[in-house]
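Position one of the sequence shown corresponds to residue 1 (full-length UniProt numbering), numbered consecutively onward. Here a beta-carbon is modelled for each residue, glycine too, at the ideal position from N, C-alpha and C. As the structure is a computational prediction, the values presented were derived from the model and not from experiment. Have a look at the structure below before the remarks.
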Amino acid sequence: MDPKISYFQTFLFAAKTKSFSKAAKKLGVTQGTVSNHISVLEKFFDAQLFLRTPEGVDLTTEGNILYENAEKLLENISNAKQQMRILHEHPEGLIRIAASTTPGEHLLPSIIKDYTKVYRDVSFQIQITDSEKCFKLLEDRAVDIIAVGNIYDGSYESEVIGKDRLVLVVPPEHELAKKGVAKLSDILKEDYIDREVGSGTREIFVDALQDKGYSMMDLHTIMSLGSNSSIITAVSEGYGISIISEIPAKKAADAGQLKIVPIEDLDLTRYMYLVKGKKPRNPSAIKSFWDFVSGK
């Protein structure tokens with residue numbers, strides 16, 4: 001049986017008081033517990049640490065060697081704990097994040113801005129890519145955290161950072177814009193602009209189609225694009241219709257680039273998540289950021 005840190009504390013109390021019973025009283029344990037701790041230490045070091053005397057106990061030569069080193073050991077442990085506490089209170093270094101388009105462009109900036117007001121020594125490196133690649137980067141430990149609109153692997157710790165709705169966007173003068181409402185059957189008749197494979201937005205739409213008995217093959221897809229901004233441009237120029245996040249869609253609609261049309265028979269609500277890697281390179285900064293986001 002290997003000794004615990006508390007056994008060295010017991011040893012030091014016994015050495016200073018020269019009594020197992022006095023050490024037990026100061027530690028708030030039984031004398032039997034003190035004797036057990038000393039016995040474990042003696043077996044571990046294969047040495048007698050105390051000489052029993054009528055007045056109590058005295059250290060042996062081996063006991064004196066352990067006394068000097070045990071004090072240093074506990075002092076070093078205390079210093080390490082203090083340094084770690086300071087590190088947690090004042091984290092520093094880099095946090096690497098991969099994010100899909102919507103959370104990366106519309107949610108993370110404000111979160112990071114608020115965080116860095118408090119923790120000025122932490123910096124961020126953000127890579128925008130699709131959700132599938134985000135998880136691959138997390139798995140390869142190329143990033144510490146990802147921000148996505150869909151969770152592919154439930155074995156990771158995650159935190160909800162926002163709620164989003166996917167909406168149908170059409171050119172400003174489109175018939176569906178004039179009609180003011182659409183059904184899935186209307187979407188199936190139109191030229192459709194798709195997000196790239198691996199996109200969380202696309203996966204949500206695929207799942208919604210499957211619930212209705214359809215697939216992407218039932219759409220008349222004319223092109224696949226890699227970002228909301230490129231889709232907004234294509235829709236505004238009249239190439240087709242699409243389904244994207246409501247957050248950038250509202251900004252484009254306010255600017256007159258397109259129209260948002262409600263879909264009567266599709267619920268495309270989703271949540272945005274932060275997902276934490278299992279072995280981050282900068283654990284103190286990651287913990288600080290994670291606690292900040294989760295409100296701990």
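DSSP links Thr53 through a beta bridge to Gly56. Partner residues in the beta bridge of Arg195, as assigned by DSSP, are Leu225. Straight-line spacing of the CA atoms in Ile232 and Ile243 works out to 10 Å. In terms of Cα proximity to Ile151, the closest of Lys26, Lys163, Val143 and Glu132 is Glu132.
Fewer than three pairs of CB atoms, one per stretch, sit closer than 8 Å, so the segment 175 to 192 makes no contact with the segment 116 to 132.
Judged by DSSP secondary structure, Glu132 falls within the alpha helix (DSSP H) whose first and last residues are Ser131 to Glu139. Shortest Cα-Cα distance from Asp254 to any of Arg270, Tyr156, Phe205 and Val169 involves Val169. Counting the other Cβ atoms within 10 Å of the Cβ of Lys259 gives 16 or more, which makes it buried. For Gly104, the three-state secondary structure derived from DSSP is helix. Note on Asn228: 16 or more other CB atoms within 10 angstroms of its CB, so buried under the neighbour-count rule. Measuring C-alpha to C-alpha distances from Asp194 to each of Asp46, His106 and Phe205 identifies Phe205 as the nearest.
Here Ala182 carries a strand assignment [DSSP, helix/strand/coil]. A Cβ-Cβ contact shorter than 8 Å links Met272 with Gly162. Under the 10 Å beta carbon count, Arg141 is surrounded by fewer than 16 other beta carbons and is classified as exposed.
Three or more beta-carbon pairs drawn from the segment 33 to 50 and the segment 12 to 23 are found closer than 8 Å, and the two stretches are therefore classed as touching. Arg202 is classed as buried because its beta carbon has at least 16 other beta carbons within 10 Å across all chains shown. The segment 53 to 71 makes no contact with the segment 94 to 108; the number of CB pairs closer than 8 Å stays below 3.
Apart from sequence neighbours up to five positions away, the residues of its chain that approach Tyr192 with a beta-carbon distance below 8 Å are Leu219, His220, Thr221, Ile222, Gly240, Ile241 and Ser242, ordered along the chain. For Ser284 and Tyr7, the gap between their C-alpha atoms comes out near 29 Å. Contact between Asp144 and Pro280 holds, with the beta-carbon distance rounding to 4 Å and staying under 8 Å. Per DSSP, the beta bridge partners of Ala147 are Ala99 and Leu274. In terms of Cα proximity to Gly213, the closest of Leu138, Glu237 and Leu188 is Leu188. Shown here for Val275: same chain residues with a beta carbon closer than 6 Å to its own, the five before and five after excluded, namely Ile146, Tyr156 and Ser158 in chain order.
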